[in-house]
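Asker: Taking our numbering, the leading residue of the sequence shown gets 21, the next gets one more, and so forth. Ideal placement from N, C-alpha and C gives every residue a C-beta, glycine not left out. Bear in mind that the values here come from a model prediction, so they are computed numbers and not experimental data. Here it is, the structure in full.
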Amino acid sequence: MPSAGIVPRRAVQLAALFTMMVAFTAQLVGALLPVIPLFIAASVVNLGLDLVLQHKQPGLLAVLGRIRFDVTVRQLLRDMLILVGLLHIDGINPLEEQAPLTITLLLFYGTHFVCQAVAVLVRRTRSLPFVTRNIDASALRLCDAPPRILSRQTGRRLLRFSVPTTAGMMLTAITTDAYWGGIGLAVSLALSAGGTLYLGTWLLPKKRVANEKQALEWLDNWLAEYQPTVGMYFSGGASSAYQANMWLSTLAALDGNPIIVLRERFMVQKIEATDVPIVCIPKVANLMRLEHSTLKVLLHPANSGKTSQILRIPSIKHAFTNHGESDKLSSCNPYAKAYDEVWVAGPAARDRYQLADIGVEDKDVIEVGRPQLAPIQPYAGAPAGRPATVLYAPTWEGWDGNPGNTSVILAGENIVRELLADENVRLLYKPHPMTGSVDPRAGAANSRIQAMIAEANAGRSGARPGPEAAAELARRTEELDALTTSAFRKSADELERMRLQGTPQEGRAAAVDAAVTAWEAAYWNSFPQWEHRIITTARPGIFSCFNEADVLISDVSSVVSDYLTSEKPYAVANTSGMSEDDFRANFPTVRAATILTPEADGVAGLLDAVRNPEKDTLAAERAELKEHLLGPSDPPSSVRFNQAALALGTKADERRIRMESRLSGIPGQRSQDDVNEAGTAGHETSGASDTTAAV
Numbered sequence: 021m022p023s024a025g026i027v028p029r030r031a032v033q034l035a036a037l038f039t040m041m042v043a044f045t046a047q048l049v050g051a052l053l054p055v056i057p058l059f060i061a062a063s064v065v066n067l068g069l070d071l072v073l074q075h076k077q078p079g080l081l082a083v084l085g086r087i088r089f090d091v092t093v094r095q096l097l098r099d100m101l102i103l104v105g106l107l108h109i110d111g112i113n114p115l116e117e118q119a120p121l122t123i124t125l126l127l128f129y130g131t132h133f134v135c136q137a138v139a140v141l142v143r144r145t146r147s148l149p150f151v152t153r154n155i156d157a158s159a160l161r162l163c164d165a166p167p168r169i170l171s172r173q174t175g176r177r178l179l180r181f182s183v184p185t186t187a188g189m190m191l192t193a194i195t196t197d198a199y200w201g202g203i204g205l206a207v208s209l210a211l212s213a214g215g216t217l218y219l220g221t222w223l224l225p226k227k228r229v230a231n232e233k234q235a236l237e238w239l240d241n242w243l244a245e246y247q248p249t250v251g252m253y254f255s256g257g258a259s260s261a262y263q264a265n266m267w268l269s270t271l272a273a274l275d276g277n278p279i280i281v282l283r284e285r286f287m288v289q290k291i292e293a294t295d296v297p298i299v300c301i302p303k304v305a306n307l308m309r310l311e312h313s314t315l316k317v318l319l320h321p322a323n324s325g326k327t328s329q330i331l332r333i334p335s336i337k338h339a340f341t342n343h344g345e346s347d348k349l350s351s352c353n354p355y356a357k358a359y360d361e362v363w364v365a366g367p368a369a370r371d372r373y374q375l376a377d378i379g380v381e382d383k384d385v386i387e388v389g390r391p392q393l394a395p396i397q398p399y400a401g402a403p404a405g406r407p408a409t410v411l412y413a414p415t416w417e418g419w420d421g422n423p424g425n426t427s428v429i430l431a432g433e434n435i436v437r438e439l440l441a442d443e444n445v446r447l448l449y450k451p452h453p454m455t456g457s458v459d460p461r462a463g464a465a466n467s468r469i470q471a472m473i474a475e476a477n478a479g480r481s482g483a484r485p486g487p488e489a490a491a492e493l494a495r496r497t498e499e500l501d502a503l504t505t506s507a508f509r510k511s512a513d514e515l516e517r518m519r520l521q522g523t524p525q526e527g528r529a530a531a532v533d534a535a536v537t538a539w540e541a542a543y544w545n546s547f548p549q550w551e552h553r554i555i556t557t558a559r560p561g562i563f564s565c566f567n568e569a570d571v572l573i574s575d576v577s578s579v580v581s582d583y584l585t586s587e588k589p590y591a592v593a594n595t596s597g598m599s600e601d602d603f604r605a606n607f608p609t610v611r612a613a614t615i616l617t618p619e620a621d622g623v624a625g626l627l628d629a630v631r632n633p634e635k636d637t638l639a640a641e642r643a644e645l646k647e648h649l650l651g652p653s654d655p656p657s658s659v660r661f662n663q664a665a666l667a668l669g670t671k672a673d674e675r676r677i678r679m680e681s682r683l684s685g686i687p688g689q690r691s692q693d694d695v696n697e698a699g700t701a702g703h704e705t706s707g708a709s710d711t712t713a714a715v
């Protein structure tokens, strides 16, 4: 059933459409009878409602567009009804007064359509075959975008420019003097014609950016100058950006010249603050230009439909890093065998691939640890003098409908209810960002859980931090936003953002790290230790929540593997329908966990073990499982990851040498060096060769 919030919203939308239809009918009736007050009121309400809906409910008006009743048709109908109304009003001469008004109105629409055509041309000239970030692309002659109302907002432009016309015509209907209608039409015509001419200046050489051929040549030259060696390839939806963002710091720390390769234009702004150059290449044909670059290795944090396109480049070696370590089936996707290597954290994942028997050879599985886990702090003992902080971080429901994927639906409310009933517990609730995206039941349960937490907070009280804590958080937020976000005009397009997001300032990455650390400290200090928190924003991140928590409750997911690096107690909800023994046997990550039933049995024992470490019987198993899942701590994961990247790059070099050797040994095939040498020799032997060629 639809939620309570959806029904009223739909009712409002239907009411708005009904009101618009009534306004058109009233305008027609008022024009034909004529009833001047009705005619004027209906005309003003009709236009005003359309203006409001253009801002508040553009999606609703898109429905009208699908039935061929778009904004142009609606406004043209409104203006025609106004002219019909003036014809029926005594005192207005149709030939001497209304004919000039009609001609001027036609000129206004003419300039509107011309402006629309110019806008299409401008948008085409301002669409490059790629998008960049953290790269100086000034050579492409980037400039500011034209105003959105002229270049992109066709409906809003027509409606706003029609306001003077409607106002003038209404005054004419009241006074029977065509002078006012003429003034209104003249203003609208001037706005439309002036806007068209101004927009047309973006087609002049001074504001015209590089064309496609010039842009691709620039990209080739930039690749040759920058000489990327290792990169991350990512493609996905708007909510999947976190999968790439978790690897940014690791990529930036690798030896060589890193690069990020994206496929969706919107994803350029979804990638968090980084100094690594970003190139988004949507078309496959242009993507193939990477084959001629110095790029040796690409890391893949996720599988996508477009991954197969980049795998067609044989000169690049590809490693699947995934975006987390878990026992779920998605961590052993058969697609993994398409990569040259599969990089995993520790022995557990290696064993998982062999048990899955999906075609990934053991020699291609490389243990690299999880370098991004470095910020997670180790276990510091039981909470003393404060409530125990419990982090409940369930994963999402997944694509396959398996009830064991997420605990939110079957166990979430029971777990939260048990935790909220304990006065000495502070709950941090951080659901997966994709919760409810597939199964509406998960979204509904998530909403109910948040309502339970809000109600529990309302019944709690105690000392709160002073106003200086909130002021410190505001200051740190402003400082962090200044480093990690770019302020754009509302009219800014891709090219303007490319210009503004050029080469980053030196030392920005270190400044961002320091600002994030300071912000997280200010965030936690701004709330009392007894207050539950619902965290659905990107900040604070999951690792910061780990450091704040004394114990984790989660599902079978990478969250558990990552949390284990702290060796703190944790619990996993078993909603799979398996017995506890089978659950532990099938999912090694839960071997050192307290297992919770869908009814939340086990929560009390978990909290007791957190508060009394002598009752924690799983501490030794957590330490052992940590190494099994994440690998040894020496050498550090960051070192092993870098070594793996260098080794795979060496394999790419060796392949190139082999290919050049093979090509040089095949008749009719020569290496590029041979071609270059032959070209040089040709220039040196000028006379005889030229004569022979001429013959």
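Which residues in the same chain as residue 18 place their Cβ atom closer than 7 angstroms to its Cβ, once the five residues preceding and following it in sequence are excluded?
Answerer: Since the first and last residues shown for the chain are 21 and 715, residue 18 lies out of range.
Asker: Mapping the DSSP letters down to three states, classify residue 689 as helix, strand or coil.
Answerer: In the sequence shown, residue 689 corresponds to position 669, counting from 1. Caution applies to residue 689, whose pLDDT of 49 falls short of 50 and renders its modelled position unreliable; the value that the coordinates give is listed next. In this structure, residue 689 counts as coil in the three-state DSSP scheme.
Asker: Decide if the region 379-397 is in contact with the region 427-436; the criterion is three or more beta carbon pairs, one per stretch, under 8 angstroms apart.
Answerer: With a cut-off of 8 angstroms, the region 427-436 and the region 379-397 do not count as touching, because too few Cβ pairs lie within range.
Asker: Quick test of the definition: if touching needs 3 or more C-beta pairs under 8 angstroms, does the region 125-135 touch the region 204-224?
Answerer: Yes, the region 125-135 touches the region 204-224.
Asker: What are the uninterrupted segments assigned as beta strand (DSSP E) that are 3 or more residues long and contained completely in the region 225-274, given in chain order?
Answerer: Complete beta strand (DSSP E) runs here, min 3: 250-254.
Asker: Specify the secondary structure class of residue 10 as computed by DSSP and reduced to three states.
Answerer: Because the chain here runs from 21 to 715, residue 10 falls outside it and cannot be looked at.
Asker: Look at the alpha carbon of residue 535 and the alpha carbon of residue 683, and state the distance between them as a whole number of angstroms.
Answerer: Translated into positions along the sequence shown, residue 535 becomes position 515. Translated into positions along the sequence shown, residue 683 becomes position 663. So the two alpha carbons sit approximately 53 angstroms from each other.
Asker: Is it true that the CB of residue 615 sits closer than 8 angstroms to the CB of residue 413?
Answerer: Residue numbering aside, residue 413 sits at position 393 when the sequence shown is read from its first letter. Residue numbering aside, residue 615 sits at position 595 when the sequence shown is read from its first letter. For residue 413 and residue 615, no; Cβs fall outside 8 angstroms.
Asker: Kindly provide the ranges of any alpha helix (DSSP H) runs that are 4 or more residues long and lie completely inside the region 583-658, ordered along the chain.
Answerer: Here the runs fully enclosed are 600-606, 623-631 and 639-650.
Asker: Ignoring anything shorter than 3 residues, give me the beta strand (DSSP E) runs that lie fully in the region 125-202, in order along the chain.
Answerer: Taking only runs of at least 3 residues, the beta strand (DSSP E) segments lying wholly in the region 125-202 are 151-153.
Asker: Quick one: what's got a C-beta closer than 8 angstroms to residue 707's C-beta in the same chain, skipping five residues either side?
Answerer: In the sequence shown, residue 707 corresponds to position 687, counting from 1. Here the model assigns residue 707 a pLDDT of 37, short of 50, so the residue's position is not dependable and the matter cannot be decided.
Asker: Which two residues bound the contiguous alpha helix (DSSP H) that contains residue 460?
Answerer: Looking up residue 460 in the sequence shown gives position 440. Its alpha helix (DSSP H) spans residues 460-478.
Asker: Using only CA atoms, which one of 609, 600, 634 and 608 lies nearest to residue 622?
Answerer: In the sequence shown, the residue the question calls residue 622 occupies position 602. The candidate whose alpha carbon is nearest that of residue 622 is 600.
Asker: My guess is that residue 523 and residue 154 are in contact by the Cβ rule of under 8 angstroms, so how many angstroms apart are they, rounded?
Answerer: Working through the sequence shown from its first residue, we reach residue 523 at position 503. Working through the sequence shown from its first residue, we reach residue 154 at position 134. Residue 523 to residue 154, Cβ: 7 angstroms. Contact.
Asker: Would you check if the region 239-253 and the region 303-322 touch, i.e. whether three or more CB-CB distances between them fall below 8 angstroms?
Answerer: Contact between the region 303-322 and the region 239-253 is present, because at least three Cβ pairs lie under 8 angstroms.
Asker: When we look at the beta-carbon of residue 2 and count the other beta-carbons within 10 Å, is it buried (16 or more) or exposed?
Answerer: Residue 2 cannot be examined here, being either before or after the span of the chain that is shown, 21 to 715.
Asker: How about residue 257 and residue 263: do their beta carbons lie closer than 8 angstroms?
Answerer: Numbered from its first residue, the sequence shown carries residue 257 at position 237. Numbered from its first residue, the sequence shown carries residue 263 at position 243. Contact: no.
Asker: Pull up the distance between the alpha-carbon of residue 118 and that of residue 198, whole angstroms please.
Answerer: Taking the sequence shown and counting its residues from 1, the one referred to as residue 118 is at position 98. Taking the sequence shown and counting its residues from 1, the one referred to as residue 198 is at position 178. Straight-line Cα distance between these residues: approximately 7 angstroms.
Asker: From this set, 74, 259 and 681, which residue's C-alpha is nearest residue 458's C-alpha?
Answerer: Along the sequence shown, read from residue 1 onward, the residue named residue 458 stands at position 438. Taking only the C-alpha atoms, the option nearest residue 458 is 259.
Asker: Check whether the Cβ atoms of residue 591 and residue 626 lie closer than 8 angstroms to each other.
Answerer: The residue labelled residue 591 in the question sits at position 571 within the sequence shown. The residue labelled residue 626 in the question sits at position 606 within the sequence shown. For residue 591 and residue 626, yes; Cβs fall inside 8 angstroms.
Asker: Once you ignore the five residues that flank residue 649 on each side, which residues in its own chain have a CB closer than 7 angstroms to its CB?
Answerer: The sequence position of residue 649 within the sequence shown is 629, counting from 1. Closer than 7 angstroms at Cβ, skipping near neighbours: 345, 365, 366, 368, 581, 584 and 609.
Asker: Throw me the rounded Cβ distance for the residue 515 and residue 162 pair, which I believe falls under 8 angstroms.
Answerer: Mapped onto the sequence shown, residue 515 falls at position 495. Mapped onto the sequence shown, residue 162 falls at position 142. Residue 515 to residue 162, Cβ: 5 angstroms. Contact.
Asker: Give me, in chain order, the residues of the same chain whose beta-carbon lies closer than 6 angstroms to that of residue 185; leave out the 5 immediate sequence neighbours on both sides.
Answerer: Mapped onto the sequence shown, residue 185 falls at position 165. The answer, listed in chain order, is 204, 205 and 208.
Asker: For residue 449, which three-state DSSP category applies?
Answerer: Position 429 of the sequence shown, counting from 1, holds the residue named residue 449. In this structure, residue 449 counts as strand in the three-state DSSP scheme.
Asker: Near residue 228, which residues of its chain fall below 8 angstroms by C-beta distance, leaving aside the five closest residues on each side in sequence?
Answerer: Numbered from its first residue, the sequence shown carries residue 228 at position 208. Cβ within range, chain order: 145, 161 and 222.
Asker: Beta-carbon within less than 6 angstroms of residue 553's beta-carbon, same chain only, minus the 5 sequence neighbours each way: which residues are those?
Answerer: Within the sequence shown, the letter at position 533 stands for residue 553. Closer than 6 angstroms at Cβ, skipping near neighbours: 448.
Asker: Check whether the region 136-143 and the region 295-315 touch, using three or more Cβ-Cβ pairs below 8 angstroms as the test.
Answerer: No, because fewer than three Cβ pairs between the region 136-143 and the region 295-315 fall closer than 8 angstroms, the two stretches do not touch.
Asker: Give the DSSP bridge partners of residue 300, in chain order.
Answerer: Taking the first residue of the sequence shown as 1, we reach residue 300 at position 280. According to DSSP, which records beta bridges pairwise, residue 300 is partnered with 151 and 282.
Asker: So if DSSP puts residue 574 in a beta bridge, which residue, or which two residues, is it bridged to?
Answerer: Numbered from 1 along the sequence shown, position 554 holds the residue referred to as residue 574. 413 and 592.
Asker: Roughly how many whole angstroms lie between the Cα atoms of residue 86 and residue 669?
Answerer: As a working note, residue 86 is residue 66 in the sequence shown. As a working note, residue 669 is residue 649 in the sequence shown. Each residue's Cα considered, the two are about 52 angstroms apart.
Asker: Take every Cβ of the region 83-102, pair it with every Cβ of the region 47-60, and state whether three or more of those distances are shorter than 8 angstroms.
Answerer: Touching, per the Cβ criterion.
Asker: Which residues does DSSP pair with residue 579 in a beta bridge?
Answerer: Along the sequence shown, one-based indexing puts residue 579 at 559. Residue 579 is not bridged to any residue.
Asker: Can you round the beta-carbon distance between residue 354 and residue 379 to whole angstroms, since I take them to be within the 8 angstroms contact cut?
Answerer: In the sequence shown, counting from the first residue as 1, residue 354 sits at position 334. In the sequence shown, counting from the first residue as 1, residue 379 sits at position 359. Confirmed, Cβ separation roughly 6 angstroms.
Asker: Grab the span of the beta strand (DSSP E) containing residue 402 for me, first residue to last.
Answerer: Mapped onto the sequence shown, residue 402 falls at position 382. It is not in any beta strand (DSSP E) - residue 402 carries neither H nor E in the DSSP assignment.
Asker: Any contact between the region 264-280 and the region 298-316? By contact I mean 3 or more CB pairs, one from each, below 8 angstroms.
Answerer: Judged by Cβ distances under 8 angstroms, the region 264-280 makes contact with the region 298-316, as three or more pairs qualify.
Asker: Taking residue 246 as the reference, which of 475, 268, 386 and 315 has the closest Cα?
Answerer: Indexing the sequence shown from 1 puts residue 246 at position 226. When only C-alpha atoms are compared, the closest one is 315.
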